[in-house]
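Contents: one structure, followed by commentary.
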Amino acid sequence: MEGETLRFYPLRAPDDPDVAAVAETVSRRTQALWKKKRIGPSDDGEAEDPLMQDTPWLAGLYGHGVRGRIATGPDMGKRIRTWGGRRESEEPEPSARRCANVDGFSVHANVSLRAHQRAKLENLCRYMLRPPLAVERLERLASGRLAYRMKTPWRDGTTHVILSDSELLEKLSALVPAPRFHLVRYFGILASAAKLRPSIVPVPPPASTAAPGGHRNTAEEQNPHPRNYTLAQLMARIFAVDVLECPRCGSRMRILAAIEDPSVAGKILDCLGLPSRPPPVAPARRDRQDALPEF
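Note that the working numbering gives residue 426 to position 48 of the sequence shown, counting from 1, and the numbers run on in steps of one.
Below, the structure is given as structure tokens:
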């Protein structure tokens, strides 16, 4: 009703049958939508799939990536090479609490955070935004190919995936979202056009323009949106380096002027005894990968 304050009431956590019902509903409705739009293995989905019409090569990368096959190069259509797999596992997929998998549609509902657990919320966001692979588990083989070690072995015993440089780029490209494709969608009262959404979205506190050390933060004055971090703040959070901290006294630095003329910038750097020319570019090395034996 108009004028009333909205309130949230805690509900019980979903149990395993609830999550399984959600996964089954999503699978059934999605497959019904595919059938309605005639998108399937036996149908010609090009007429209904704008991605296939606009960028067929990108749609091909997606399709081969889902099937675990190579989409480009001389090994096009072949399965990706693996290490450690000896047989197809006949054991059922291990179950977890509040998790369900139906026809390839998985639902995971075993993570919940309270409103005051901001540190755990940040860890969850970092997990969602993690890179596609861990560089420390990627190594170059003697044959020139790349071996990626899985964090945990697959059910069939596979421990490594073997890829060439181009095949790795191909798989990474398949992880890039399609153009104008939303990765996060909100429904119901959280939808962008919902009338009651402003009543439940908290209003952030006003940003303070005073910075430590007595200086005013001109970047925040120009961009007062409190939910956006400045570039210096992002660099400090990611690389643990505060670029605005004075190395001599530890106080905050601020931009006094921006020198855009290369000749003036060179004179200032020369006067300070700093290099004013970029380092020389090393000559390109010959790619010797073709001379190495294949894996």
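Idealized CB from N, CA, C, for every residue including glycine.
What does residue i pair with, by DSSP beta-bridge criteria?
i      : result
Ser484 : Asn479
Tyr526 : Leu516, Val539
Residue range of the alpha helix (DSSP H) that residue i falls in?
i      : result
Thr403 : 394-414
Lys498 : 496-506
Met454 : Counting along the chain, Met454 falls outside any alpha helix (DSSP H), and DSSP gives it neither H nor E.
Gly438 : 434-445
Ile578 : 575-578
Considering residue i, what are the terminal residues of the beta strand (DSSP E) in which it resides?
i      : result
Trp461 : 459-461
Output needed for residue i: all residues of its chain with C-beta closer than 7 Å, excluding positions within five of it in sequence on either side, in chain order.
i      : result
Lys645 : none
Met454 : Ile448
Glu402 : Val480
Leu568 : Arg575
Thr537 : Trp461, Gly462, Arg527, Met528, Pro531
Residues in its own chain within less than 6 Å of residue i by CB, not counting five upstream and five downstream?
i      : result
Asn601 : Note that Asn601 scores 48 on pLDDT, short of 50, meaning its location in the model is unreliable; the coordinates nonetheless yield the value given after this. There are no such residues.
Ser542 : Arg523
Val400 : Val485
Asp620 : Ala614
Can you find the residues in the same chain that come closer than 8 Å, C-beta to C-beta, to residue i, ignoring five residues on each side of it along the sequence?
i      : result
Ala512 : Lys529
Ile637 : Ala643, Ile646
Leu499 : Leu491
Pro653 : Leu647
Ala571 : none
Check your understanding: Does the stretch 563-579 touch the stretch 478-493, meaning 3 or more C-beta pairs lie closer than 8 Å?
Key -> no
Check your understanding: Between the stretch 486-504 and the stretch 516-524, do at least 3 Cβ pairs fall closer than 8 Å?
Key -> no
Practice item. Let me know the alpha helix (DSSP H) ranges lying completely inside the stretch 607-651, each 4 residues or longer, listed in chain order. Key: 609-617, 640-649
Exercise for review: Evaluate the contact criterion for the stretch 432-451 versus the stretch 551-559: three or more CB pairs, one atom per stretch, below 8 Å.
Suggested key: yes
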